[in-house]
Amino acid sequence: MENRRGSFAPPLHMQARFVCSSPGLKGCPQPTLPEHAFIGRSNVGKSSLINMLTQRKGLAKTSATPGKTRLINHFVVDENWFLADLPGYGYAKVSKSMRETWPALIRNYLMQRKNLLNTFVLIDIRLEPQPIDLGFIRWLGTHQLPFALVFTKSDKLSKGKVKESIDRYSRTLLREWEELPPAFVSSAQTGAGRSELLQFIVEANKIF
Ligand code: GTP
Ligand code: MG
Numbered sequence: 180m181e182n183r184r185g186s187f188a189p190p191l192h193m194q195a196r197f198v199c200s201s202p203g204l205k206g207c208p209q210p211t212l213p214e215h216a217f218i219g220r221s222n223v224g225k226s227s228l229i230n231m232l233t234q235r236k237g238l239a240k241t242s243a244t245p246g247k248t249r250l251i252n253h254f255v256v257d258e259n260w261f262l263a264d265l266p267g268y269g270y271a272k273v274s275k276s277m278r279e280t281w282p283a284l285i286r287n288y289l290m291q292r293k294n295l296l297n298t299f300v301l302i303d304i305r306l307e308p309q310p311i312d313l314g315f316i317r318w319l320g321t322h323q324l325p326f327a328l329v330f331t332k333s334d335k336l337s338k339g340k341v342k343e344s345i346d347r348y349s350r351t352l353l354r355e356w357e358e359l360p361p362a363f364v365s366s367a368q369t370g371a372g373r374s375e376l377l378q379f380i381v382e383a384n385k386i387f
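According to my numbering, the residues represented by the sequence shown are 180 to 387, in order.
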């Protein structure tokens, strides 16, 4: 898995605003714009990444307490695309099967949201591959839902350890996948990965 690179310069001034919080698919804004969802274990850094991407510190609420985001939070960027901050998984019992722990609201949203172009699955770069993440990735695959991986908190590891960690993840995924998904390395602290992620989003939005 190569970190995506390019000469893309992200816009300096992005306009991002909160749209609404919804307990399920029904309350979500009309699916009139392309949408990207952000999901991952509780505390992986979803809200921090959203704030880093949009360069608005308090836009998505961050917390050191896992499970802060319990609703689907929609943001609109440049009145042009939606960003959805999904509730973190993994605060339910990890030992139970994905089916039991995965809230129905998220499953329905991911399967039925018409304008959803891509789901970013966030992975803490410091951890070895976790069954709950692998289970979720498998579930996305089974339902043929497009996704990309984002390794978060890369500022917490040396460059060498970052590479080691990604290589380990690639090896794990290749045990059951023929191809690796797009992958990004990010840090909400340093801004690493921002232009690569935005370039990917802008490209994806063109097909909407
Ligand atoms: P839930 O909403 O509870 O599921 O959590 P979340 O995935 O939205 O995580 P959040 O962004 O709230 O971050 C959790 C903790 O990790 C906070 O203490 C953040 O400051 C920290 N954090 C998030 N991203 C980074 C990062 O890139 N680097 C570092 N060093 N810390 C980070
Ligand atoms: Mg959050």
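Each residue gets a CB set at the ideal place from its N, CA and C atoms; glycine is no exception.
Computed from a predicted structure; not experimentally measured.
{"Check": "Pick helix, strand or coil for Ala283, following the three-state DSSP scheme.", "Outcome": "helix"}
{"Check": "Taking contact to mean 3 or more Cβ pairs, one atom from each stretch, closer than 8 Å, check whether the region 317-329 and the region 293-300 are in contact.", "Outcome": "yes"}
{"Check": "Name the two residues that bound the continuous beta strand (DSSP E) containing Trp260.", "Outcome": "260-264"}
{"Check": "Where does Gly219 sit, in a helix, a strand or coil, going by DSSP?", "Outcome": "strand"}
{"Check": "If Ile380 sits next to His215, beta carbons under 8 Å apart, how far is it from one beta carbon to the other, in whole angstroms?", "Outcome": "6 Å"}
{"Check": "Alpha carbons only, please: which of Val364, Trp260, Gly267, Leu313 is nearest the one belonging to Leu250?", "Outcome": "Gly267"}
{"Check": "Considering only residues of the same chain and omitting the five flanking positions on each side of Trp356, which have a CB-CB separation below 6 Å?", "Outcome": "none"}
{"Check": "Tell whether a beta-carbon distance below 8 Å holds between Phe217 and Leu265.", "Outcome": "yes"}
{"Check": "In angstroms with no decimal places, state the Cα-to-Cα distance between Met277 and Val329.", "Outcome": "Bear in mind that the predicted position of Met277 carries a pLDDT of just 48, short of 50, making it unreliable; the figure below should be weighed with that in mind. Whole-angstrom Cα-Cα distance: 20 Å."}
{"Check": "Pairs of beta-carbons, one from the region 356-367 and one from the region 225-236, closer than 8 Å: are there three or more?", "Outcome": "yes"}
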